[in-house]
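Below you'll find the structure, written out as structure tokens, and then a few comments.
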Amino acid sequence: MSPMFHILITDDISPAGLALLKNAPDVRLEVVTRPGSAQLLDLIRHCDAVITRSATTLDATVFAAASQLKVAGRAGAGLDNVDVDAATRAGVLVMNTPEANTLAATEHAFALLLALCRDLPEAHASLKRGEWQRSRFMGVQLYGKTLGVIGFGRVGSRVAARAQAFGMEVIAYDPYIAADVTTRAKVERVPLLEALLARADFISLHMPLTAETRRLVGADQLAALKPGARLVNCARGELVDESALLDALESGALAGAALDVFGEEPPRSEVLKRLIAHPHVVATPHIAASTVEAQADVGVQIARQVLEALRGENYQNAVNVQQVQDGWRTKCPNAIC
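Numbering (my numbering), first residue to last: 3 to 339.
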């Protein structure tokens, strides 16, 4: 007789993903969206797997309490709300879905780029107010400009390809990829971040948030910007020192910024309120992955991955599969890893 797997879902996933789990004969599903810390510890104690998004933090305390937990699935790409090291020590496999929302994030980053260079949100708002101020909205073209891509992974490389289609020169900084990746994409790889900042008319951030990349762009980096540069961030808010970003906008050192992510979400600090209200900032509420197609794919993909891992069939997108093998085998003796 097949074992029954107790799976806890703590954030919203697509109906298609939920249906896949509900219809699985070997799953007992429990859905409790956005549980408090104490409730989460109580719920997770007897679970075999947990599926979450960005609203729930899975930290060392959670993994210590979850003695039966085998898999932690993150519906989406970012893992900054999951303590992967703590999970590994507890013998828990951590997996995400980095491919499912790639196109949505790519298109949103480029939408922000276009909105920023033509001041579309303010032009739209002005016309809605009954105004007709054509001379007020003088934008800049993308053609012939240089885009600096920081992080040349799934999203960054696709943003670069779209920029090339617009006639932009693309340069990239990413110390973690092989040299031939940018060569094949016909993109110049820049060895130093400061060199990219000094040349780029537009900068687009696509790095994951890690200890090394936190505040990657701070006051010193913003001071190195080419005059008139504009910055787009659809990755993680904490990649940028937001106080320094506000200073650069207010001083005119930075011509504009387009932001989908913030160090605090929802934004509550005075710095973030001023940043969002700045006339040269285009801002959206962390919606880069929010398309019907991407969310359906994310939900189905994480549901399928978690099921396959629990059944010992496949470990797609497991980020710690090599490090967790011994602990995983103890919990799942039939595992194939």
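Glycine included, C-beta positions come from ideal geometry on N, C-alpha and C.
Keep in mind that this is a model prediction, so the values were computed, not measured.
For Val-94, the closest of Ile-46, Ile-179, His-126 by C-alpha to C-alpha distance is Ile-46. Looking at the DSSP output, Thr-148 bridges to Glu-171. Sequence-distant partners of Ala-107 (beyond 5 residues in either direction) whose C-beta falls short of 7 Å from its own C-beta, in its chain, are Val-157, Cys-236, Ala-290, Ala-291.
The distance from the Cβ of Arg-238 to that of Val-263 is about 5 Å, consistent with a contact at the 8 Å cut-off.
Taking all protein chains shown into account, Asp-182 has fewer than 16 neighbouring C-beta atoms within 10 Å of its C-beta and is therefore exposed.
Rounded to whole angstroms, the gap between the alpha carbons of Thr-90 and Met-170 is 43 Å.
Proximity to Val-283 across Val-234, Arg-186, Phe-7, Met-209 peaks at Val-234, based on C-alpha coordinates. In the DSSP assignment, His-8 is bridged to Arg-30. The three-state secondary structure of Thr-54, taken from DSSP, is strand.
A Cβ-Cβ contact shorter than 8 Å links Ile-9 with Val-29. The three-state reading of DSSP puts Ile-46 in helix, counting H, G and I together.
The three-state reading of DSSP puts Glu-101 in coil, since its state is none of H, G, I, E or B. The residue from Val-151, Pro-177, Phe-65 with its alpha-carbon nearest to that of Ala-202 is Val-151. By the criterion of at least three beta-carbon pairs nearer than 8 Å, the region 263-274 is not in contact with the region 62-72. Annotation for Arg-91: the continuous alpha helix (DSSP H) segment containing it runs 86-91. In summary, Ala-111 is buried, with 16 or more beta-carbon neighbours lying within 10 Å of its beta-carbon over all protein chains present.
With contact defined as three or more Cβ pairs closer than 8 Å, the region 122-142 and the region 75-88 are not in contact. Per the coordinates, the alpha-carbon of Arg-186 lies some 15 Å from the alpha-carbon of Asp-176. Ranking Pro-229, Glu-214, Gly-146, Val-52 by CA distance to the CA of Ala-305 puts Val-52 first. When the five nearest sequence neighbours on each side are left out, the beta carbons in the same chain lying within less than 7 Å of the beta carbon of Lys-147 are those of Met-170, Asp-203, Phe-204, in order along the chain. Judged by their CB atoms, Leu-71 and Asp-44 are not nearer to each other than the 8 Å cut-off. When the beta-carbon positions are compared, Val-73 and Ala-311 come within less than 8 Å of each other. Contact annotation: Ile-179 and Leu-198 have beta-carbon atoms that are not nearer than 8 Å. Look at the region 147-232 and you find these whole runs of alpha helix (DSSP H), each 4 residues long or longer: 156-167, 181-186, 195-201, 221-225. If you compare the alpha carbons of Asn-319, Val-323, Asp-121, Gly-314 with that of Pro-5, the shortest gap goes to Gly-314. In this chain, the alpha helix (DSSP H) harbouring Ala-67 covers 62-67.
With the rule of 3 Cβ pairs closer than 8 Å, the region 241-258 counts as touching the region 221-233. The beta strand (DSSP E) runs lying completely inside the region 288-315 and spanning 3 residues or more number zero. Shortest Cα-Cα distance from Asp-13 to any of Gln-135, Glu-272, Thr-54, Ala-167 involves Thr-54. For Gly-19, the enclosing alpha helix (DSSP H) begins and ends at 17-24.
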